[in-house]
């Protein structure tokens, strides 16, 4: 907006050049618009929907793919359908894909996601899950990585090589006991894991956070990506080190984040604000840049 002020009828003056002033200001929308697309209603999805619905800094919409006809999708303005093109998707600032069935979204969605992040500056959070992630990163999908259907995978900060899977031994190990995240030096200083202003208190909270049983193994983080957390079990590793569980990177003007486990809701057992705060900070980081026209942080 350009604001102008003028003084008129001031009487006799030597000059009227200083009787006009003007200033331009930019009005920034405060609420971040979030769209969550989930393949199924897992515990993580249900707690995340409720958390974002309560967040006063978020305008939230969700779409549950497994819902039956007539289901009212959770959100401040319940959706009747998903965005049909890139322009409609650009309405949102952050897209959260929670183990979605990409085939069910339609053939136009890979290009829409790539445009949303790489051109519109939107934020993308992909959360792996136990239903569709293995299919998404299957050998056949990776073999056609150059195809339009798989083009959006290039925006993610991780690499999954063909044929990669969890052995039966790894599955049994993961189901036997819970393992905490092992934060990298970058993760220790990252705002996403800042649960208390006091450093010592924050370390105590991090150590106390309930761990995970299941995770989706990836080969490695991409060059240029920032790894924030790896698996805490020393047996869960490959030639590139411990399995990557949380990584982020810039993709054009947008930012993407990969989360390789689906149980941050367990942090609520320690305190609800740890779960809510983590997701609020993640959403703010990925969405604020688009709200401010790519000028943040």
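Numbering (the numbering used here), first residue to last: 64 to 360. Idealized CB from N, CA, C, for every residue including glycine.
How would you write the range of the beta strand (DSSP E) that residue 126 sits in, first residue to last? 121–127
Identify, in the order they occur along the chain, each residue of the same chain with its Cβ nearer than 6 Å to the Cβ of residue 159, setting aside the five sequence neighbours on each side. Excluding sequence positions up to five before and after residue 159, its CB lies within less than 6 Å of the CB of 99 and 188, all in the same chain and listed in chain order.
From 213, 87 and 69, residue whose alpha carbon lies closest to that of residue 80: 69
Check residue 239 in the structure and name its three-state DSSP category. helix
Cβ-Cβ separation, residue 343 to residue 118 (assumed contact under 8 Å), whole Å: 6 Å
Determine the direct distance from the alpha carbon of residue 213 to that of residue 166, and round the result to whole angstroms. If you take the alpha carbons of residue 166 and residue 213, they lie about 11 Å apart.
Measure how close the beta-carbons of residue 220 and residue 150 come, nearest whole angstrom, since I'm counting them as under 8 Å. Approximately 26 Å separates the beta-carbon atoms of residue 220 and residue 150; this is outside 8 Å, ruling out the contact.
Range covered by the beta strand (DSSP E) that runs through residue 161: 157–161
Does the separation of the CB atoms of residue 186 and residue 157 fall below 8 Å? yes
Using only CA atoms, which one of 162, 264 and 347 lies nearest to residue 129? 162
List the endpoints of the continuous alpha helix (DSSP H) containing residue 109. 106–117
What is the residue span of the alpha helix (DSSP H) that residue 174 lies within? 172–181
Measuring CB to CB, does residue 333 end up less than 8 Å from residue 273? By the CB criterion at 8 Å, residue 333 and residue 273 fall inside the cutoff.
Residue 104 versus 121, 72, 137 and 96, residue with shortest Cα-Cα distance: 137
Same chain, Cβ closer than 8 Å to residue 249, five either side skipped, listed in chain order: 289, 290 and 291
Burial state of residue 302, where buried means 16 or more other Cβ atoms lie within 10 Å: exposed
So, residue 244 versus residue 349, is the Cβ gap smaller than 8 Å? no
Quick one: Cα of residue 78 to Cα of residue 88, how far? So the alpha carbons of these two residues sit roughly 28 Å apart.
What is the DSSP secondary structure of residue 310, counted as helix, strand or coil? strand
Does the count of Cβ pairs from the region 325–339 and the region 262–273 closer than 8 Å reach three? yes
Buried or exposed by the 16-neighbour rule on C-beta atoms within 10 Å, applied to residue 147: exposed
Closer than 6 Å by C-beta to residue 315: which residues in its own chain qualify, once you throw out the five before and the five after it? Chain order, please. 181
Note down, in chain order, each residue of its chain lying with its Cβ closer than 8 Å to the Cβ of residue 330, except the 5 sequence neighbours on either side. 272, 273, 337, 338 and 341
Check the DSSP bridge columns for residue 87 and list the partner residues they point to. 65
Measure the alpha-carbon distance for residue 121 versus residue 110 and round it to whole angstroms. 15 Å
By the three-class DSSP mapping on this structure, what secondary structure does residue 102 have? coil
CB-CB under 6 Å to residue 178, same chain, minus the five flanking residues each way: which ones, in chain order? Excluding its 5 nearest sequence neighbours in each direction, residue 178 has C-beta neighbours in its own chain below 6 Å: 149, listed in chain order.
Quick check on residue 70: does DSSP put it in helix, strand or coil? coil
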